[in-house]
Amino acid sequence: MHQNEIIAFNHELLAWFQQNGRDLPWRRTKNPYYIWVSEVMLQQTQVDTVKPYYDRFITDFATPEALADAPEQSVLKMWEGLGYYSRARNLQQGVREVVEKYDGKLPDDKKKLLELHGIGPYTAGALLSIAFGQPEPAIDGNVMRVMSRVFMIDADIAKAKSKKQFEEVVGKLIAEANPSAFNQALMDLGAMICRPKRPDCPNCPVRRQCKAYSARVQEKYPVKSRPKKATVRCYAIVLVQDQLGRYLIEQRTDSGLLAGFWQFPMVECETNSDLLPAAFRKLASVERLDFHYIHRFSHLVWDLTLYRVDQAIDLPAGVARKWVAVDEFERYPFPVPHLKVIDWLKNLRMNT
DNA sequence: AACACGGGGGC
DNA sequence: GCCCCAGTGTT
Numbered sequence: 001m002h003q004n005e006i007i008a009f010n011h012e013l014l015a016w017f018q019q020n021g022r023d024l025p026w027r028r029t030k031n032p033y034y035i036w037v038s039e040v041m042l043q044q045t046q047v048d049t050v051k052p053y054y055d056r057f058i059t060d061f062a063t064p065e066a067l068a069d070a071p072e073q074s075v076l077k078m079w080e081g082l083g084y085y086s087r088a089r090n091l092q093q094g095v096r097e098v099v100e101k102y103d104g105k106l107p108d109d110k111k112k113l114l115e116l117h118g119i120g121p122y123t124a125g126a127l128l129s130i131a132f133g134q135p136e137p138a139i140d141g142n143v144m145r146v147m148s149r150v151f152m153i154d155a156d157i158a159k160a161k162s163k164k165q166f167e168e169v170v171g172k173l174i175a176e177a178n179p180s181a182f183n184q185a186l187m188d189l190g191a192m193i194c195r196p197k198r199p200d201c202p203n204c205p206v207r208r209q210c211k212a213y214s215a216r217v218q219e220k221y222p223v224k225s226r227p228k229k230a231t232v233r234c235y236a237i238v239l240v241q242d243q244l245g246r247y248l249i250e251q252r253t254d255s256g257l258l259a260g261f262w263q264f265p266m267v268e269c270e271t272n273s274d275l276l277p278a279a280f281r282k283l284a285s286v287e288r289l290d291f292h293y294i295h296r297f298s299h300l301v302w303d304l305t306l307y308r309v310d311q312a313i314d315l316p317a318g319v320a321r322k323w324v325a326v327d328e329f330e331r332y333p334f335p336v337p338h339l340k341v342i343d344w345l346k347n348l349r350m351n352t
């Protein structure tokens with residue numbers, strides 16, 4: 001792209017953004033900590049999903065010190081349902097580092113930002129441009145899609161090494177005068193116009209600079225290889241009550257999938273089998289309940305069936321467990337599939 | 001470089 | 001159903 005085209009691209013993009021850019025809660029603040037929170041929540045998560053979480057989060061954890069001092073469980077509870085919970089743990093760890101090392105003030109230095117836990121190339125670029133006005137690219141899937149079309153870049157955006165190409169082109173394009181608006185304009189363009197399917201090219205402010213549009217091949221971009229298929233795991237979810245009517249729940253380990261979350265005990269079953277789980281076979285009373293739920297993670301599928309048993313079955317040792325009343329579930333972070341179980345239980349109670 | 005890591009929404 | 005999404009940490 002020639003210099004005059006670069007200037008035109010910037011001009012058209014920023015003019016469009018001024019007219020059509022979204023009014024988002026985290027665009028109404030200059031507080032780098034709030035912008036940081038929003039950027040972490042927005043990783044792999046869409047704007048409309050994030051909004052209510054963001055509002056609650058900055059209300060309850062209004063300062064870096066407040067988040068640093070909070071129990072991890074309360075942070076996970078706040079993040080409950082948003083997914084990718086390591087983001088929440090990493091954010092809190094990063095914030096604790098900022099409180100320790102930088103007196104609670106986010107550094108405006110790329111190297112220092114990248115040293116913080118939970119801040120990678122994207123978030124560092126977003127913070128440097130949006131919070132600190134520095135001309136740094138912030139390359140995400142959105143920006144890669146836009147640039148793959150504008151420049152007809154054939155690199156597979158699913159591959160890590162492809163990002164370098166996109167950094168280079170954005171680095172040449174980025175508006176030195178207003179990098180914050182530039183990066184956010186690209187994000188809005190990607191979300192509103194340059195969508196994955198059926199991009200709205202006739203309304204695109206930079207269609208005249210877009211190679212794919214000129215060649216009418218915009219739907220061929222971006223090039224992205226398919227991820228491998230998710231594996232399926234079958235579980236029995238165990239409902240067991242004590243004499244006070246409380247339910248047994250357990251805490252997942254502090255690493256791996258849904259680390260630190262609470263759940264009803266889960267026993268893995270044979271896949272594609274109607275056989276009762278082996279752990280249940282010697283019990284006097286086992287009732288299969290009218291609750292079956294398929295939960296899809298990106299890399300894994302849970303096939304869940306709910307059972308009520310009359311006594312605690314043999315469960316693995318070394319796991320934290322508690323008897324908890326239905327009214328007290330809200331104190332604990334649960335993964336969504338187990339929130340569905342809680343909903344089911346509450347409906348059951350209402351109808352009986 | 002590949003993999004692990006959640007959940008919701010669009011069509 | 002399948003694909004998408006404002007990525008980072010670990011190995």
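The opening position of the first sequence corresponds to residue 1 in full-length UniProt numbering, with each subsequent residue numbered one higher. For every residue, glycine included, the Cβ atom is placed at its ideal position computed from N, Cα and C.
Beta-bridge analysis with DSSP links Q263 to E250. In this model, G81 and W323 are separated by some 23 angstroms (Cα to Cα). Going by C-alpha positions, I139 is about 7 angstroms away from E167.
Apart from the 5 residues on each side of it in sequence, Q73 sits with its Cβ closer than 8 angstroms to the Cβ of G260, Y332, P333 in its chain, given in chain order.
Across the structure, P227 and K159 are spaced so that their CA atoms are roughly 11 angstroms apart.
By the neighbour-count definition (other C-beta atoms within 10 Å, threshold 16), R145 is a buried residue.
At the C-beta level, W79 and A88 come within 7 angstroms of one another.
Here the alpha carbons of L345 and I58 stand approximately 32 angstroms from one another. In this structure, DSSP gives A68 a helical state, which the three-state scheme calls helix. Per the Cβ contact rule, the stretch 305-314 is in contact with the stretch 283-294 (3 or more Cβ pairs under 8 angstroms).
For the set K112, A230, G190, the Cα lying nearest the Cα of L300 is the one of A230. Cα atoms of E65 and Y34: separation of roughly 13 angstroms, rounded to the nearest angstrom. Annotation for L14: no beta strand (DSSP E) segment contains it, though the alpha helix (DSSP H) segment containing it runs 3-20. Cα atoms of Y85 and G171: separation of roughly 31 angstroms, rounded to the nearest angstrom. With a contact defined as Cβ atoms closer than 8 angstroms, Q241 and V150 miss out at about 60 angstroms.
Only residues of its own chain outside the window of five on either side were considered, and among them W323, V324, A325 have a CB closer than 7 angstroms to the CB of R246, listed in chain order. According to DSSP, residue pairing for T231 in a beta bridge involves L300.
Judged by pairs of C-beta atoms under 8 angstroms, the stretch 203-223 does not touch the stretch 38-52, as fewer than three such pairs exist. Under the three-state reduction of DSSP, E219 is assigned to helix.
The beta strand (DSSP E) runs of length 3 or more contained entirely in the stretch 163-218 do not exist; there are none. Per DSSP, reduced to three states, the secondary structure at K77 is helical. Residue state for L258 is assigned as coil, using DSSP reduced to three classes. Among the bridge pairs identified by DSSP, E100 is matched with none. Here K163 has I139 as same chain residues with Cβ atoms under 7 angstroms from its own Cβ, once five neighbours each way along the sequence are excluded.
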